[in-house]
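Under numbering that gives the first Met the number 0, the first residue of the sequence shown is numbered 0, with each subsequent residue one higher.
Working notes for the structure below.
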Amino acid sequence: MRYEEKAKLTAARALVPAAILLTSPVLLIAGAPLRRRYLRYVYRDEAPAILDKEQGRISVHWFVVMSPLLGWLCWPTEALARLISR
């Protein structure tokens, strides 16, 4: 979506945290592997940029990646994975 599309940006800002909260039970149980797989998908080589300032475009993925709520909900399984790997 374009930077000028204020309604779409506002909707994305509101709906992304709602979607993360809706999936919070799953994220608390299996958040670390899901988050790693999602980030690999978003940042793969042939993927379009999530933020393209030259073209004036922003992807919904940007709101998900930058959401601290996603990090907080995935933290318990990431900490558990680090403890198990030691």
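C-beta: ideal position from N, C-alpha, C; glycine also.
Measure from the alpha carbon of residue i to the alpha carbon of each residue in the options, then state which is nearest.
i: V64; options: L20, L8, V41 and A46; result: V41
i: S23; options: T76, L72, L82 and L79; result: L72
i: L79; options: P32, K52, I49 and Y37; result: P32
In the DSSP output, what is residue i paired with across the bridge?
i: I57; result: L50
i: R1; result: R56
For the alpha helix (DSSP H) containing residue i, list its first residue and its last residue.
i: E77; result: P67 to S84
i: R36; result: S23 to V41
Here's the rule I'm using: 16 or more other beta-carbon atoms within 10 Å means buried, otherwise exposed. How should residue i be labelled?
i: I57; result: buried
i: R34; result: buried
i: G55; result: exposed
i: L20; result: exposed
Spatial neighbours of residue i within its chain, please: CB distance less than 8 Å, with the 5 preceding and 5 following residues excluded, ordered by chain position.
i: V15; result: V59, F62, V63 and S66
i: P47; result: S58
i: P75; result: L27 and G30
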